[in-house]
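A.B. asks: This is the structure I have questions about; it appears just below.
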Amino acid sequence: MPMISMMFKKKWPLFILVLPTFVFMSIYLYYPFLMNIFNSFNTINGLGTASEGLNTPFYLNYINMVKDPKIHIALKNSMIFMVCTIVFQVGFSVALALMVDGIGRKAEFFRTVYFFPIVISATALGLMFNLIFLYKGGMVNSFLSYLGASGSVDWKDSKHWLFTAMLPVMWQYVGFYFVIIETGLNNISEELYEAARIDGANQLQLVRFIKLPLIYNTVCTCIVLAITGSLKIFDLPWTMFPNGLPEDMSWLLGTYMYKQTFIASDVDYGSAISLLIVVMGVIFAMIANKVFKEKDY
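Counting from 10, one number per residue, gives the positions in the sequence shown under my numbering.
Here is the structure:
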């Protein structure tokens, strides 16, 4: 104990302990981010190639971004994903956590089952859902055929692609938010439940007046994570729609950035799109923190 108090009196040991992490983050996070901002103003025509100088004008990529119809489609689709992530991922996670919390000893089984999809590789999940939504011979169309439906549905066409791309993303991350919310429920004192039951509260009243208010801050955290995460969605949609649809309807900000950077070799434009994703993430996170203010109970 005296040794710990001495450490806090002398600040240099704390500085030494923090320094390696700061150096690591500076090299692998802050420096690449600053270079990404610089690259967005330059002409870079391939990964690993040197800059050919500043664009003319230097903000040319941002002008092109405003004029690019595909980035408008990617923005719209990313906004749809964001809304669906908040409503379905976080909403289902809250519902599942409340139901599992009332089970008791067997809750551990459901925690494992719901969290399991987040452990699986997104590429493997994308390939699995590709098989499920195959135009002919896929599980969904085979099931519809068994029910008497005539013909097969192309689940990856311009009418159905949004549902096809969104379902695996929603399914994979529900367990992630479920575990966070379930942890919040487990931190509620059992004495509150006992006092409420003595006063005659039923299960629904426990949920409404104790559980939901006390996990409000946890749900707010999940909403902020969902908003920022929805802007970075890439792996599952790219596995299922690697080159977009013929009508270019299936671009998201993450997939379109990848296409510009690694396929079109327009590195500077990809850098500008990535900066847009970061700025939007910060803005929406700040708005969410203002709207969903944490409360003290």
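For glycine and all other residues, C-beta sits at the position ideal for the given N, C-alpha and C.
Report the residue from Leu107, Asn298 and Asn73 whose alpha carbon sits nearest the alpha carbon of Glu191.
C.D. replies: Translated into the one-based positions of the sequence shown, residue 191 becomes position 182. Out of Leu107, Asn298 and Asn73, Leu107 has the C-alpha closest to the C-alpha of Glu191.
A.B. asks: Given 7 Å as the limit, tell me if Val162 has its C-beta closer than that to any heavy atom belonging to the ligand FAD.
C.D. replies: For the ligand FAD, the structure offers nothing, since it holds no ligand at all.
A.B. asks: Name the DSSP bridge partner or partners of Asn51?
C.D. replies: As a position in the sequence shown, residue 51 is number 42, starting the count at 1. Its beta-bridge partners are Leu63.
A.B. asks: From which residue to which residue does the alpha helix (DSSP H) around Lys85 run?
C.D. replies: Looking up residue 85 in the sequence shown gives position 76. Pro78 to Cys93 is the extent of the alpha helix (DSSP H) around Lys85.
A.B. asks: Would you mind stating whether Gly184 and Pro126 have Cβ atoms separated by less than 8 Å?
C.D. replies: The count along the sequence shown starts at 1 and reaches residue 184 at position 175. The count along the sequence shown starts at 1 and reaches residue 126 at position 117. Cβ atoms of Gly184 and Pro126: closer than 8 Å.
A.B. asks: Taking DSSP as the reference, what is the three-state secondary structure of Glu199?
C.D. replies: Within the sequence shown, numbered from 1, the residue matching residue 199 stands at position 190. Here Glu199 sits in helix by DSSP.
A.B. asks: Considering Arg120, what are the terminal residues of the alpha helix (DSSP H) in which it resides?
C.D. replies: Within the sequence shown, residue 120 is the residue found at index 111, counting from 1. It spans Ala116 to Val128 - the alpha helix (DSSP H) in which Arg120 sits, taken as one unbroken run.
A.B. asks: What residues in its chain sit with their C-beta under 7 Å from that of Asn70, if we drop five residues either side in the sequence?
C.D. replies: On the sequence shown, position 61 is the one that residue 70 refers to. If we look at Asn70 and ignore the five residues flanking it on each side, its Cβ neighbours are Ser49, Asn64, Asp277, Tyr278 and Ala281.
A.B. asks: When you compare only the Cα positions, how much space is there between Tyr267 and Val233?
C.D. replies: Counted from its first residue, the sequence shown places residue 267 at position 258. Counted from its first residue, the sequence shown places residue 233 at position 224. For Tyr267 and Val233, the distance between alpha carbons rounds to 24 Å.
A.B. asks: List the endpoints of the continuous alpha helix (DSSP H) containing Gly100.
C.D. replies: Residue numbering aside, residue 100 sits at position 91 when the sequence shown is read from its first letter. Unbroken alpha helix (DSSP H) run through Gly100: Gly100 to Asp110.
A.B. asks: Buried or exposed: Thr58, going by 16 or more other Cβ atoms within 10 Å of its Cβ?
C.D. replies: The residue given as residue 58 occupies position 49 in the sequence shown. So Thr58 ends up on the exposed side.
A.B. asks: Going by C-alpha distance, which of Ser283, Gly147 and Glu303 is nearest Phe47?
C.D. replies: On the sequence shown, residue 47 is found 38 positions in, with the first residue counted as 1. Taking only the C-alpha atoms, the option nearest Phe47 is Ser283.
A.B. asks: To the nearest whole angstrom, what separates the beta carbons of Leu105 and Phe187, a pair I think is in contact under 8 Å?
C.D. replies: Numbered from 1 along the sequence shown, position 96 holds the residue referred to as residue 105. Numbered from 1 along the sequence shown, position 178 holds the residue referred to as residue 187. With 8 Å as the limit, Leu105 and Phe187 qualify as a contact, their Cβ atoms being about 5 Å apart.
A.B. asks: Closest to Trp91 by C-alpha separation, out of Lys299, Lys302, Thr52 and Phe293, would be which residue?
C.D. replies: Start at 1 with the first residue of the sequence shown, and residue 91 comes out as number 82. Before going on, a small fix: residue 91 reads as Met here, not Trp. For Met91, the nearest C-alpha among the options comes from Phe293.
A.B. asks: Look at the alpha carbon of Leu26 and the alpha carbon of Tyr40, and state the distance between them as a whole number of angstroms.
C.D. replies: Translated into the one-based positions of the sequence shown, residue 26 becomes position 17. Translated into the one-based positions of the sequence shown, residue 40 becomes position 31. If you take the alpha carbons of Leu26 and Tyr40, they lie about 21 Å apart.
A.B. asks: Does DSSP classify Asn211 as helix, strand or coil?
C.D. replies: Residue mapping note: residue 211 aligns to position 202 of the sequence shown, counting from 1. In the structure shown, Asn211 sits in coil (DSSP, three-state: anything other than H, G, I, E or B).
A.B. asks: Rounded to whole angstroms, how far is the Cβ of Ala133 from the Cβ of Met249, which I believe are closer than 8 Å?
C.D. replies: Indexing the sequence shown from 1 puts residue 133 at position 124. Indexing the sequence shown from 1 puts residue 249 at position 240. The Cβ separation is near 12 Å, so there is no contact.
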